[in-house]
Amino acid sequence: MSKISVIIPMWIINGGLLDLTKATLESLEGTDWNGEEKEMIFVDNGSPIGQELLSAYPDIYIRGQINKGYPWATNQGIKVATGDFICISNNDIRISQNWLKVALEIFEKYSEVGSVHYRMIPYDDLFSYDDDVWIEGKERWCSSSFFVMRQEVVKKVGLYDERFGVFGYDDYDFWYRVRKAGFKTAYTNMACYNHKDSATANLLDQ
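Residue 64 is where the sequence shown starts when you use my numbering, and the numbers rise one by one after that.
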């Protein structure tokens, strides 16, 4: 049995973001865990609302006083994660129930794969699947809104670079370093997720 640490960075400043976060949590609750152990980690970037939900739900709740940004929040979660695998999830997504099963099958089959990424579709589209897995050649398809990686990746590559600021390009840098370290980033359409198109980032004054 494996342990899966699910890290969700968030900055909830209005009711719309709170509703999206609730939908994300409901989606993850519907995951086919198949006996795998889970560890839920919320990293709150100083949200002015939603603390009652955020502090009561996870196994680990980390709260900053101000919004220090996505890279900072993600790093705080990674630092305390104890899972064999780490899942990073935005709080504006809904994921198909089979995401974990698909990821574990890919990790077992391909030892060189460091992370698994899924087909991203518009928020209100119905889930649709196929049976393809690309181990290389689809790197630009590998979004960071929802993915799973081996714990060994961060041990070898390190954390997100917080010098990129509150939001922007930190994920490009991270995946460049992952591939440079010799890991493959796998993309699959065997599972998928809805994404609300940067619902939090679009509210930032950049």
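Ideal Cβ placement from N, Cα and C applies to all residues, glycine included.
Under the three-state DSSP convention, the category residue i falls into
i    : result
E134 : Residue 134 is actually Pro in this sequence, not Glu. P134: helix per DSSP, three-state reduction.
I169 : helix
K247 : strand
Y181 : strand
F227 : helix
F237 : helix
W162 : helix
K259 : coil
W197 : strand
Cβ-based neighbour list, residue i, same chain, cut-off 6 Å, excluding 5 preceding and 5 following
i    : result
I125 : V106, Q139
W197 : Y250
K66  : E100, G146, D147
R240 : V220
Alpha carbon of residue i to alpha carbon of residue j, nearest angstrom
i    : j    : result
V220 : K142 : 13 Å
E168 : T251 : 11 Å
S90  : S191 : 16 Å
E100 : F209 : 19 Å
E175 : G231 : 28 Å
Y223 : G177 : 15 Å
I184 : M64  : 30 Å
D187 : E215 : 35 Å
L81  : D155 : 9 Å
F237 : C255 : 22 Å
A136 : G228 : 11 Å
I149 : R226 : 22 Å
D234 : S207 : 7 Å
W96  : G109 : 30 Å
K131 : Q114 : 17 Å
V179 : P134 : 19 Å
V217 : G146 : 12 Å
V165 : V211 : 10 Å
W204 : Y181 : 9 Å
Residue i classed as buried or exposed, judged by whether at least 16 other C-beta atoms fall within 10 angstroms
i    : result
K259 : buried
K172 : exposed
L117 : buried
L189 : exposed
Proximal residues to residue i (C-beta, below 8 Å), its chain only, five neighbours per side dropped
i    : result
P111 : I75, I76
Sequence-distant residues of its chain with Cβ nearer than 7 Å to residue i (five each side left out)
i    : result
K201 : Y250
Margin query: I'd like the ranges of any alpha helix (DSSP H) spanning at least 4 consecutive residues and lying wholly in the stretch 85-151.
Written below: If one requires a minimum length of 4 residues, the alpha helix (DSSP H) runs lying completely within the stretch 85-151 are 114-119, 133-143, in chain order.
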